[in-house]
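See structure below.
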Amino acid sequence: MNTAATRVLLVDDEPSLLKMVSAYLGRLGYAVTTANTTEKAWAEMESSLAGPNSVYAVAVLDATMPGLPMRELAERMLKACGSLRILTSSGYPIDIGPLEKAAPGRVAFLHKPFTGEMLATAVRRILAPQEENV
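Here the numbering used here is used: position 92 in the sequence shown is 1286, and no number is missing along the way.
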């Protein structure tokens, strides 16, 4: 896997988690951009679609943030970018069934707390179908 070209949008409202997870994914070679609000996340996604940089391969979304509900943010992102994968994360059980139905194979869930290796495995797994077609 060529992680150097793989852009990840990491969205969480907990600063220490953003910093730790971003650093971990960066050490693995991913190009990570962080957003601490759902509004910033959507603005970053729109900017990536309009700009000269490649679009994000995966967005890691905290499911329980204030602002735009995660499901609505994920739906917008999936609709705007046909190749985007969404990895939702929460310490609470959530129903991602409607998102999975709308975007089969492009949505997954990772339960918090997770280790760096669990996150890396989840990111690789959700990107695997996409990378096979590259």
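Ideal placement from N, C-alpha and C gives every residue a C-beta, glycine not left out.
Alpha carbon of residue i to alpha carbon of residue j, nearest angstrom
i            : j            : result
residue 1318 : residue 1212 : 19 Å
residue 1203 : residue 1229 : 7 Å
residue 1314 : residue 1199 : 16 Å
residue 1268 : residue 1277 : 13 Å
residue 1224 : residue 1294 : 24 Å
residue 1248 : residue 1280 : 16 Å
residue 1297 : residue 1272 : 7 Å
residue 1218 : residue 1270 : 27 Å
Outcome for residue i when other beta-carbon atoms lying within 10 angstroms are tallied against a minimum of 16
i            : result
residue 1286 : exposed
residue 1289 : exposed
residue 1283 : buried
In DSSP terms, what residue i is bridged to
i            : result
residue 1242 : Paired residue(s): none; residue 1242 is not in a bridge.
residue 1202 : 1226 and 1252
Proximity of residue i and residue j at Cβ, strictly below 8 Å
i            : j            : result
residue 1205 : residue 1253 : yes
residue 1264 : residue 1257 : yes
- Task: Any chance you could list the beta strand (DSSP E) runs of at least 3 consecutive residues sitting entirely within the stretch 1226-1280, in chain order?
- Result: 1252-1256
- Message: Quick check on the DSSP output: what are the complete alpha helix (DSSP H) runs of length 4 or more inside the stretch 1294-1328, in order along the chain?
- Response: 1310-1326
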